[in-house]
Amino acid sequence: MNQSNYQIKLLQQLGKDLFRLVLLPDVLASALKFIAGQYIQVLYPDQTYQPFSIANAPTNEGVIELLIRLQSDDVATDAFLNQCRSNQKVILRGPFGDAYYRSDARPMLVLAAGTGFAYAKAIIEQAIQTDHSRFIHFYWGVKRPEDFVCLICLNHGKHKTIIFIIRN
37 MNQSNYQIKL LQQLGKDLFR LVLLPDVLAS ALKFIAGQYI QVLYPDQTYQ PFSIANAPTN
97 EGVIELLIRL QSDDVATDAF LNQCRSNQKV ILRGPFGDAY YRSDARPMLV LAAGTGFAYA
157 KAIIEQAIQT DHSRFIHFYW GVKRPEDFVC LICLNHGKHK TIIFIIRN
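Going by the working numbering, the sequence shown opens with residue 37, and the numbers climb by one from there.
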């Protein structure tokens with residue numbers, strides 16, 4: 037298991053309780069090597085590790101993007117976000133997981149719910165970067181229309197995003 041120190045490049049509030057955290061490795065050579073769709077563990081201020089899906093395809097700069105939902109009773113995540121606001125270093129370990137991007141000519145089906153969109157976003161980004169002709173069928177369930185705030189990340193050139201919201 038690899039562990040690495042990261043610095044905060046961006047902490048962006050996307051919605052009432054949703055945050056985007058962009059991290060850069062302190063030293064590029066120590067950046068975690070991951071495959072789109074994997075997850076890492078973040079060391080929280082209370083010294084526990086919490087898992088987060090990586091929300092981006094791998095980059096040459098070692099960037100790791102996370103989508104974090106803050107639940108009203110989640111004291112640990114609130115403390116972590118406060119740590120991020122003060123630009124302190126973040127310790128990550130990983131990567132983990134077998135739900136990652138696999139190159140293939142067949143159409144791809146991607147399913148996600150809520151902030152589970154993070155792993156899906158990474159896989160879709162990787163597919164678009166490596167194979168511009170592959171059909172991608174993406175289904176994303178959310179509780180509220182405002183949870184679609186990350187959808188803009190999926191608009192890539194000739195690839196279109198179409199949203200249908202049906203309310204009973």
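Ideal Cβ positions, reconstructed from N, Cα and C, are used throughout, including at glycine.
Closest by C-alpha distance to residue i, when choosing among the options
| i | options | result |
| --- | --- | --- |
| I172 | L46, Q162 and S108 | Q162 |
| A158 | Q86, F174 and G51 | F174 |
| K179 | G150, A156 and R170 | G150 |
| P131 | A91, Y80 and P81 | A91 |
Sequence-distant residues of the same chain with beta carbon closer than 6 angstroms to residue i, five excluded per side
| i | result |
| --- | --- |
| W176 | A148 and F153 |
| Q49 | F55 |
| M37 | R129 |
Rounded Cβ spacing between residue i and residue j (contact assumed at less than 8 angstroms)
| i | j | result |
| --- | --- | --- |
| L106 | S40 | Not a contact, Cβ separation roughly 24 angstroms. |
| L60 | E97 | 7 angstroms |
| A112 | T95 | Their Cβ separation, rounded to whole angstroms, is 28 angstroms, which puts A112 and T95 out of contact at 8 angstroms. |
| F88 | V99 | Not a contact, Cβ separation roughly 14 angstroms. |
Residue i - containing alpha helix (DSSP H), residue span
| i | result |
| --- | --- |
| Y155 | F153 to T166 |
| A112 | V111 to R121 |
Closer than 8 angstroms to chain B by CB, residue i
| i | result |
| --- | --- |
| L103 | Looking at the structure shown, chain B is missing, and only one protein chain is on hand. |
Cβ neighbours of residue i in the same chain (closer than 8 angstroms, five flanking residues each side left out)
| i | result |
| --- | --- |
| D62 | S40, N41, Y42, Q43 and K125 |
Terminal residues of the beta strand (DSSP E) in which residue i lies
| i | result |
| --- | --- |
| L46 | N38 to Q49 |
| A148 | M144 to A149 |
Residues near residue i by beta carbon distance below 7 angstroms, same chain, minus five either side
| i | result |
| --- | --- |
| R121 | L47 |
Check: Are at least three pairs of beta-carbons, each pair with one atom in the stretch 133 to 144 and one in the stretch 64 to 78, less than 8 angstroms apart?
Finding: Touching, per the Cβ criterion.
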